[in-house]
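Heads up, the thing below is written out as structure tokens.
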Amino acid sequence: MADVVNVGVNLEAFSHAISGIQALRSSVSRVFEFLKDGMKNRETLEGREKQFIAEFQDNLQAVNRDLNELERLSGLVGRPSESHPLHNSGLLSLDPVQDKTPLYSQLLQAYKWSNKLQYHAGLASSLLNQQSLKRSANQMGASAKRRPKVQPSTLVLPPQYVDDVISRIGRMFPDMTIELFRPNGTSAVLLVTLGKVFKALLVMRSLFIDRTLVRGYNENNYNEDGKLDIWTKSKYQVFQKVTDHASTALLHYQLPQMPDVVVRSFMTWLRSYIKLFQSPCQRCGRFLQDGLPPTWRDFRTLEAFHDTCRM
Amino acid sequence: MSLMRSELHFSNVSFCSVCQVPVAEGKSVQHTVDVLHKKLEQMGSVKQGSFCVDCETYHATNVSGQPSKLLYVMHNSETPRSCMALYEGGPCIVADANFDVLMVKLKSHFQNAKGHKVECRGSRYRYCDFLIKVGTVTMSSSARGISVEVEYCPCVVPGDCWNLMKEFMQSFLGPSVPELPSVFATKPEGLFAQAEIVDTMTQYLELFNKLRKSQIPGSNVR
Ligand SMILES: [Zn+2]
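Chain order of the listed sequences is Y and X. Residue numbers for the first sequence follow UniProt numbering, beginning at 1 and rising by one. Residue numbers for the second sequence follow UniProt numbering, beginning at 1 and rising by one.
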């Protein structure tokens, strides 16, 4: 608590310095006041000028004097101690009305939290860096480098290439029909019909699947104006759940260098829903749990589980 | 007037199973219905309005004096703007609701079998993606039996979800769950043909005919 004592000694210097600043301000405003009023009436023009210059000099000297005084005082005030971990904010602890304004304790708390956050973020970043398969791997270097501005080259694939990849994947899965639309510029939207089970909309950015929405086989995928409806979710709970799981799968299957492999892996996983209503849960052996069939499919084994029966 | 209709829900109907629930020994029809309602509510089902399926029978008059075939004209409150006409052992058509007016004009060919009108009324319940309809079947103002229709709305192929459906029905009907409705089993594509609205009506018709032939259980009439 050396700071407290230290600051206490300098309090008088502080108050002097504050009156110094006030003096400087008033002398400076006197200068401008005087200039504004202009020359006073005298018998001769010469007399007028002489008088004006003399008074102007007096005023400027007063400013100079006050400024020097302030500089001297500021030397006395001295620098606040830098040994305090929170630097000047440590002065908040001097507030005598702690109970009414608990600013300082709140500040300490916030500081601790932000320290912890930084620490955990550092750990997470180094962990993510080891998993080079993840989509943001090369953007989250532990060094404080800024994100690269250039987009990965895989984001600017020609539409023809995307079409080819998709039609090749479509031929791999005979029980899946893939229709490709380009409603807004070059980005594709795929309408995947899986048997007579469901229809999935995949919104693409180049060869990356950005978003997915699963609806029933008997649900409408078009708006009244005949455009693809990529927003309205299914009215059936089972497909709302499958949509959630498919979104999770999109985050799971990532390989930035080989986006076509990612699309193929995702489609293989999605295809395992062909028996959505026919497969009992691999854990509890039942078809229904809370009125829903097993909506989860394991990412590796493709086995069916109820949402609450997985793991 | 158009006889053939292309309403969206006809091509996209989901799988329905209609079955008869026996009236509990020594109890009334209403009591058994109440017990079913209670079970459904305990499961967490939510009541969603009511429903009605009706059926009129017509005799086809013929000149040759052979035994005439029957024509059934049915309505379902789920598809209020339509009317289903099922010809015994023959084709069926889905028509506009004013098909009834046509039947009046055709009365020289089809005679309404008076007193053969069957009605099935009851409550609809929703449980997750299931739609359950518990109905009381009435013939000439006497309650003859109980129907339970279960629809699994997300699925259009009976063969896909029959096991799932059976498990669901067991949860409130007990172990005595019926077999897969024969209407699906007799289709050329088998169980994997897409369900149609007519399949549901055929099941109701079979149930009505079965109840018509059965003896009136004296204590059950209300
Ligand atoms: Zn399970």
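We treat Cβ as the ideally placed atom computed from N, Cα and C, and that holds for glycine.
Legend entry - Closest by C-alpha distance to R212(X), when choosing among V150(X), S176(X) and S142(X): Indexing the second sequence from 1 puts residue 212(X) at position 212. It is S142(X) whose Cα lies nearest to the Cα of R212(X).
Legend entry - Residue-chain proximity (Q118(Y), chain X), Cβ-Cβ < 7 Å: Here residue 118(Y) refers to the residue found at position 118 of the first sequence. No - not a single Cβ of chain X is within 7 Å of the one on Q118(Y).
Inset, instruction - Could you check if Y236(Y) is buried or exposed, using at least 16 other CB atoms within 10 Å of its CB as the buried criterion? - result: Counting from 1 along the first sequence, the entry for residue 236(Y) is found at position 236. Buried: at least 16 other Cβ atoms inside 10 Å.
Inset, instruction - Using a Cβ cut-off of 7 Å (strictly closer), state whether L288(Y) contacts chain X. - result: Residue numbering aside, residue 288(Y) sits at position 288 when the first sequence is read from its first letter. For L288(Y), the answer is yes, since a Cβ of chain X falls inside 7 Å of its Cβ.
Legend entry - Cβ shell of V263(Y) (< 8 Å), same chain only, five flanking positions each side left out: Taking the first sequence and counting its residues from 1, the one referred to as residue 263(Y) is at position 263. Cβ neighbours of V263(Y) beyond the five flanking positions: V165, I166, I169, L207 and I209.
Legend entry - Outcome for A110(Y) when other beta-carbon atoms lying within 10 angstroms are tallied against a minimum of 16: By one-based count along the first sequence, residue 110(Y) stands at place 110. Result: exposed.
Inset, instruction - Less than 8 Å between the CB atoms is what I'm expecting for A113(X) and V156(X), so what's the real figure, rounded? - result: Taking the first residue of the second sequence as position 1, residue 113(X) is located at position 113. Taking the first residue of the second sequence as position 1, residue 156(X) is located at position 156. That pair is no contact at about 35 Å.
Inset, instruction - Give me the Cβ distance between R126(X) and V137(X), rounded to the nearest whole Å; I'm assuming they're in contact under 8 Å. - result: For the purposes of this step, residue 126(X) is taken as residue 126 along the second sequence, with counting starting at 1. For the purposes of this step, residue 137(X) is taken as residue 137 along the second sequence, with counting starting at 1. Contact doesn't hold; Cβ gap of about 22 Å is too wide.
Legend entry - Counterpart residues of N76(X) in DSSP-defined beta bridges: The sequence position of residue 76(X) within the second sequence is 76, counting from 1. Answer is V53(X), bridged to N76(X).
Inset, instruction - Helix, strand or coil for R72(Y), going by three-state DSSP, please let me know. - result: Locating residue 72(Y) in the first sequence gives position 72, where the first residue counts as 1. R72(Y) falls in the helix class under three-state DSSP.
Legend entry - alpha helix (DSSP H) segment containing F168(X), residue limits: Within the second sequence, numbered from 1, the residue matching residue 168(X) stands at position 168. Per DSSP, F168(X) belongs to the alpha helix (DSSP H) from P158 to L173.
Legend entry - Residue range of the beta strand (DSSP E) that includes F110(X): Within the second sequence, the letter at position 110 stands for residue 110(X). Unbroken beta strand (DSSP E) run through F110(X): F110 to N112.
Inset, instruction - Could you tell me whether the Cβ of P293(Y) comes closer than 7 Å to any Cβ of chain X? - result: Here residue 293(Y) refers to the residue found at position 293 of the first sequence. Interface residue, yes.
Legend entry - Cβ-heavy atom distance, R297(Y) to ligand 1, below 6 Å: Sequence index remark: in the first sequence, residue 297(Y) carries index 297 (1-based). Answer for R297(Y): no, Cβ out of range of ligand 1.
Legend entry - Sequence-distant residues of its chain with Cβ nearer than 7 Å to V214(Y) (five each side left out): Locating residue 214(Y) in the first sequence gives position 214, where the first residue counts as 1. Correct list, in chain order: F198, A200, S234, F239, V242, T243 and A246.
Legend entry - chain X contact for V214(Y) (CB, 7 Å cutoff): Taking the first sequence and counting its residues from 1, one reaches residue 214(Y) at position 214. V214(Y) does not count as touching chain X.
Inset, instruction - Let me know if E88(X) comes out buried or exposed under the rule of 16 or more other beta-carbons within 10 Å of its beta-carbon. - result: Locating residue 88(X) in the second sequence gives position 88, counting from the first residue. With fewer than 16 Cβ atoms within 10 Å of its Cβ, E88(X) is classed as exposed.
Inset, instruction - Measure the Cβ-Cβ separation of A121(Y) and V77(Y) and say whether it is below 7 Å. - result: For the purposes of this step, residue 121(Y) is identified with residue 121 of the first sequence, where counting begins at 1. For the purposes of this step, residue 77(Y) is identified with residue 77 of the first sequence, where counting begins at 1. With contacts defined by Cβ atoms closer than 7 Å, A121(Y) and V77(Y) do not form a contacting pair.
Legend entry - Close-in-space but distant-in-sequence residues of the same chain around S14(X) (CB under 8 Å, 5 per side omitted): By 1-based counting over the second sequence, the position of residue 14(X) is 14. Here the set comprises E151, Y152, C153, P154, C155, V156 and A195.
Legend entry - Alpha-carbon to alpha-carbon, K196(Y) and D159(Y): For the purposes of this step, residue 159(Y) is taken as residue 159 along the first sequence, with counting starting at 1. For the purposes of this step, residue 196(Y) is taken as residue 196 along the first sequence, with counting starting at 1. Checking the sequence shown, residue 159(Y) turns out to be Pro, not Asp. Roughly 29 Å separates the two Cα atoms.
Legend entry - Rounded Cβ spacing between F287(Y) and L164(X) (contact assumed at less than 8 Å): Along the first sequence, one-based indexing puts residue 287(Y) at 287. Along the second sequence, one-based indexing puts residue 164(X) at 164. The pair is a contact, with the Cβ atoms about 4 Å apart (cut-off 8 Å).
Inset, instruction - Starting from the C-beta of W296(Y), find all residues in its chain whose C-beta is less than 6 Å away, skip the five residues before and the five after it, and write them out in chain order. - result: In the first sequence, the residue the question calls residue 296(Y) occupies position 296. Only H245, F305, D307 and R310 meet the Cβ criterion.
Legend entry - chain Y contact for D129(X) (CB, 7 Å cutoff): Residue numbering aside, residue 129(X) sits at position 129 when the second sequence is read from its first letter. Answer yes: the Cβ-Cβ gap between D129(X) and chain Y drops below 7 Å somewhere.
Inset, instruction - Could you please go through the chain and list the residues whose beta-carbon is closer than 5 Å to any non-hydrogen atom of ligand 1? - result: Residues with a Cβ closer than 5 Å to any heavy atom of ligand 1, in chain order: C281(Y), R283(Y), C284(Y), H306(Y) and C309(Y).
Inset, instruction - Report yes or no: is there a C-beta of chain Y within less than 7 Å of the C-beta of C16(X)? - result: Stepping through the second sequence from its first residue, residue 16(X) is reached at position 16. No - not a single Cβ of chain Y is within 7 Å of the one on C16(X).
Legend entry - For I197(X) and L106(X), the rounded distance between their alpha carbons: The count along the second sequence starts at 1 and reaches residue 106(X) at position 106. The count along the second sequence starts at 1 and reaches residue 197(X) at position 197. About 25 Å.
Inset, instruction - Taking only beta-carbon positions, decide if K112(Y) is within less than 7 Å of chain X. - result: Translated into the one-based positions of the first sequence, residue 112(Y) becomes position 112. So no, K112(Y) is outside the interface.
Inset, instruction - Quick one: residues in its chain with C-beta nearer than 8 Å to the C-beta of I21(Y), no 5 flanking neighbours on either side, listed in chain order? - result: Taking the first residue of the first sequence as 1, we reach residue 21(Y) at position 21. Here the set comprises L70.
Legend entry - Reference R271(Y), options L251(Y), Y253(Y), N10(Y) and L194(Y), closest by Cα: Here the question's residue 271(Y) lines up with position 271 in the first sequence. Taking only the C-alpha atoms, the option nearest R271(Y) is L194(Y).
Inset, instruction - With 7 Å as the threshold, decide whether the Cβ of D160(X) is near any Cβ in chain Y. - result: Your numbering for residue 160(X) matches position 160 in the second sequence. It does: the Cβ of D160(X) has a partner Cβ on chain Y nearer than 7 Å.
Legend entry - Where Q282(Y) meets chain X, residues with beta-carbon distance less than 9 Å: As a position in the first sequence, residue 282(Y) is number 282, starting the count at 1. The contacting residues do not exist; Q282(Y) stays about 15 Å from chain X at best.
Legend entry - Classification of E133(X) by the beta-carbon crowding that lies within 10 angstroms, buried from 16 upward: For the purposes of this step, residue 133(X) is taken as the residue at position 133 of the second sequence. In the sequence as presented, Glu is not what sits at residue 133(X); that position holds Lys. That one is buried.
Legend entry - Sheet register partners of N184(Y) (DSSP bridge): On the first sequence, residue 184(Y) is found 184 positions in, with the first residue counted as 1. Answer is S187(Y), bridged to N184(Y).
Legend entry - Span separating the alpha-carbon of F208(X) from that of C128(X): By 1-based counting over the second sequence, the position of residue 208(X) is 208. By 1-based counting over the second sequence, the position of residue 128(X) is 128. Roughly 29 Å separates the two Cα atoms.
Inset, instruction - Tell me whether D298(Y) sits in a helix, a strand or coil according to DSSP, three-state version. - result: Stepping through the first sequence from its first residue, residue 298(Y) is reached at position 298. The answer is coil: DSSP assigns D298(Y) none of H, G, I, E or B.
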